[in-house]
Amino acid sequence: MNGGINASKKAGSILDVPEYKGLLSWLSSVDHKQIGIMYFVTSLIFFLVGVSEAMVMRTQLIKPDNHWLSPETYNQVFSMHGTTMVFLVVMPVLTGFMVYFIPLMIGARDVAFPRVNALSYWLYLMGGLLLYFSFFTGNTLHAGWSAYAPLTETNYSMNLYMTGTGVDYWIMGLLLAGAGSIMSAINILVTVAFLRPPDMKLSRTPLFVWMSAANAVLMLLAVPALNAALVMLFIDRHLHGFFFNPVAGGKPLLWENYFWFFGHPEVYILILPGWGIISEVIPAFSRKPIFGYAFMAVSTVAITFLSFGVWAHHMFATGMDWTVYYVFALSSMLIAVPTGVKIFNWIATMWGGAIRFDTAMLFSAAFIMQFTIGGLSGVAFAVVPIDWALTQTYFVVAHFHYTLLGGTIFTVMAGFYYWYPKITGRMLSEKLGKIQFWLMVTGFNGTFFLLFFAGLDGMPRRVFTYPNLPHLAVINLISSLSAYVLALGILVFFANLAVSLKKGEPAGDNPWGGWTLEWATSSPPPPHNFDHIPPVRSIRPLWDLQQAGGQPGVLAASDPQEGGGE
Amino acid sequence: MNKIRLAMLLFVASEAVFFILLMIAYVVYHVTSPSAADASRYLDIPRTAVFSVVLFSSSFTMWRTGVKFRTGSPRLALAWLAATIALGASFLVGEGTEYVSLIRKDVTVGRDLFGTTFFTLTGFHGLHVFIGLIMLAALFGIGLKRGTAIASGKLAGALEGITIYWHFVDSVWIFIFTIVYLWALR
């Protein structure tokens, strides 16, 4: 187990790093690795909460005409599930990967502004706590994660919510977390711009860094749109404004436009770093350099631009001019092209490679298939008549869970299996990992594949129960039972994280034979990250080093390709 | 280009999106809601024009501040900086008294769409001016203590970043003055 250049081997486990001992060292930390871990831990706790909410929903839907939950409760559960998963789980867990690994992958000591980095984390945590505090006030957001006006206006909400403050806590929580996201975005962009070593040109920067930087651009320019909409809603609710309130000429559609101007770039915010993870994992486990590096980078930039020009496809059912329909239908189909480029590049990377199906690679392979289903069902919505027929049905629910759960969460799992050894110094158990993988794959597809058909049958989403019509009962029964399997898989993951921290096999510097700079330092990395940074002459600096220095990397001998990336 | 300069430019880009959306809301309702367009006749345009010139001239004094710090005359620089703060504060006073007179005429956020969009847009701009004044005051304190050291080394970023922010806040007002006040002229 070698391939590392760093001589320091003093700490074999993160539990033994002297600088990381004691609660105070974490609370007061400005170290990007500690802050990254705090993002992981916090977002995984919120993940458990979000999964529990999902289980409550699937239990309610297990049979037709079920009155276990009241409609009011169900509204709040699905609203909080969506908000939690988007803002408190996926965004921060990906931010965790970004702040932990960008400095390591570019050979930097830390991010550009370490204290701002800490502030971003604490804003996120406080935003999340504020959002969940609304449970103690009696009610929470009830209008879905997209919080359509005028459902959120005080004079239009149903009685229960009129006096309620759930929407206000939601606004405040998201404003805090959003401020944190904008700061993270600035931090990441400045880090990538300034802290790369001189010989790491942009054309030698790992794809995870490329995609994270694109992600930061999206956060920087999309989150303020949400913030604007949120403050306008707050002014409506508390200063009796009329922005989204039709009672005096306000336009609820303005909310939809603003929300989705943020919301569509947001769905790429929720996937881009995940694609970055996949673009690191697949080459490492296929023992080949990434296929079409430049195309990967350029298609990412294309997506960044295009994602600001597709938002109206979320609103086709509201009725618009045909010119507008054509423009947004075309742009929505167009954005599928750079996404398709990536899918083919990942497949081409695997093609002819010496593939090792460790858990990280299993999750990556499943991701490609599931994300393709999610992506293709998404292109269906670009076709206006199909959108009219299927919007607000379970087809939508199935579609975006295939992209976000079968997509992003699977990439996050791949990321944890790939990098947990680097973060902690211990391997995750492959045995538990494979159990988890098969539970999650069967559970996930069982839960969501049939929901496409429930949607085609016309089952509306966001309704607390459904009548006993043909197909619906059996589809929902299978879906709910599969959801329990999926949840079991997630519990196995948490067990694996906990058990392997102490009992996992020691990882060594470079257990997977990775080629990017984070594998050139010890596991866990010392607080200063690197004793010295190897020269960067291609996208695979450690491969070059093994070739030049004769250091036998773990899997170097089986590498079928020469160099690459120049 | 240094780190703080890039960070501030990115932050300003983010803020620009925020203000553009508030402006779009103002424009949309000015066009679609007859009452909103009528209500803008309450505005005292010449008076605000004077205060706008006050704000714009603070961009000039801010530029002189930076020049004087860099050329090694800290006293002059601090004088220009004090002028910047005074001009910015006068603008806020002008905005505050304008608000008072509008509210006396019963033009409030809850009156109609003009009130909602006008106070939101100008209010958030005023908030940004206020935050800018806090930063300028901090810069003044640092300048008093460190003199020309402010234009070099680690502190140079602070001077440069605050300058960029202040110019941004001023240029946002160009757009607000155009779409809110000049549009009400007709």
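Residue numbers (our numbering), protein chains in the order written: chain R, -10 to 555; chain Z, 4 to 189.
Ideal Cβ positions, reconstructed from N, Cα and C, are used throughout, including at glycine.
This structure is a prediction, so every number in the text was calculated from the model and none was measured.
Chain Z within 8 Å of residue i, Cβ atoms only
i                      : result
residue 103 of chain R : no
residue 91 of chain R  : no
residue 464 of chain R : no
residue 313 of chain R : no
residue 216 of chain R : yes
residue 549 of chain R : Low local confidence applies: a pLDDT of 41 at residue 549 of chain R is under 50, so the model's placement there is unreliable, with the coordinate-based value given in what follows. With 8 Å as the cut-off, residue 549 of chain R does not count as an interface residue toward chain Z.
residue -1 of chain R  : Any reading at residue -1 of chain R must be qualified, since the residue scores a pLDDT of 43, below 50, and its modelled position is unreliable; no value is offered.
Chain R residues whose Cβ lies nearer than 7 Å to that of residue i
i                      : result
residue 59 of chain Z  : Simply none; closest approach about 25 Å.
residue 112 of chain Z : 224, 228, 229, 230
residue 36 of chain Z  : 238
residue 6 of chain Z   : 101, 179, 183
residue 51 of chain Z  : Ordered by position in chain R, no residue passes the 7 Å Cβ test against residue 51 of chain Z, which lies about 22 Å from the chain.
Contacts that residue i makes with chain Z (C-beta to C-beta distance below 9 Å)
i                      : result
residue 247 of chain R : 24, 27, 28
Residue i (DSSP reduced to helix, strand or coil)
i                      : result
residue 7 of chain R   : helix
residue 415 of chain R : strand
residue 382 of chain R : strand
residue 449 of chain R : strand
residue 278 of chain R : coil
residue 558 of chain R : Residue 558 of chain R is absent from the model: chain R starts at -10 and stops at 555.
residue 523 of chain R : coil
residue 37 of chain Z  : helix
residue 495 of chain R : strand
residue 289 of chain R : helix
residue 371 of chain R : coil
residue 108 of chain Z : coil
residue 529 of chain R : coil
residue 228 of chain R : coil
residue 21 of chain R  : helix
residue 299 of chain R : coil
Closer than 8 Å at the beta carbon, the chain R residues around residue i
i                      : result
residue 18 of chain Z  : 213
residue 166 of chain Z : By Cβ distance, chain R contributes nothing, its closest Cβ being about 18 Å from residue 166 of chain Z, past 8 Å.
residue 100 of chain Z : The contacting residues do not exist; residue 100 of chain Z stays about 20 Å from chain R at best.
Nonlocal neighbours in the same chain, by C-beta distance under 6 Å from residue i, ignoring five residues either side
i                      : result
residue 462 of chain R : 53
residue -5 of chain R  : Because residue -5 of chain R carries a pLDDT of 43, less than 50, the predicted location of this residue cannot be relied on, and the following value inherits that uncertainty. Closer than 6 Å at the Cβ level, and outside the excluded window around residue -5 of chain R, lie 510, 511, 520.
residue 482 of chain R : 425
residue 78 of chain R  : 32, 35, 36, 39
Residue-level contact to chain R via CB, residue i, 8 Å cutoff
i                      : result
residue 31 of chain Z  : yes
residue 116 of chain Z : yes
residue 174 of chain Z : no
residue 21 of chain Z  : yes
residue 68 of chain Z  : no
residue 119 of chain Z : yes
Endpoints, alpha helix (DSSP H) assigned at residue i
i                      : result
residue 50 of chain R  : Neither: residue 50 of chain R is in no alpha helix (DSSP H) and is coded neither H nor E.
residue 195 of chain R : Premise fails: residue 195 of chain R is in no alpha helix (DSSP H) and is neither H nor E.
residue 63 of chain R  : 60 to 72
residue 111 of chain R : 103 to 122
residue 133 of chain R : Unbroken run through residue 133 of chain R: none, as it is neither H nor E.
residue 326 of chain R : 325 to 339
residue 85 of chain R  : 80 to 94
residue 155 of chain R : 155 to 183
residue 254 of chain R : 241 to 258
residue 168 of chain Z : 159 to 179
residue 60 of chain Z  : 48 to 73
Contact set between residue i and chain Z, taken where Cβ atoms lie within less than 7 Å
i                      : result
residue 178 of chain R : 13
residue 243 of chain R : 28, 31
residue 182 of chain R : 9
residue 221 of chain R : 28, 123
residue 171 of chain R : 17
Nonlocal neighbours in the same chain, by C-beta distance under 8 Å from residue i, ignoring five residues either side
i                      : result
residue 368 of chain R : 321, 322, 325
residue 146 of chain Z : 72, 77, 80, 81, 84, 153
residue 87 of chain Z  : 61, 64, 65, 68, 139, 169
residue 467 of chain R : 435, 439
residue 26 of chain Z  : 124, 178, 179, 182
Listed by chain order, chain R residues near residue i by CB distance under 9 Å
i                     : result
residue 85 of chain Z : By Cβ distance, chain R contributes nothing, its closest Cβ being about 29 Å from residue 85 of chain Z, past 9 Å.
residue 10 of chain Z : 101, 102, 105, 175, 176, 178, 179
Proximal residues of chain Z, C-beta to C-beta of residue i below 8 Å
i                      : result
residue 209 of chain R : 13, 16, 17
Close-in-space but distant-in-sequence residues of the same chain around residue i (CB under 7 Å, 5 per side omitted)
i                      : result
residue 272 of chain R : 278, 279, 338
Any chain B beta carbon closer than 8 Å to residue i
i                      : result
residue 159 of chain R : Judged by its chain identifiers, the structure shown contains no chain B, and its protein chains are R and Z.
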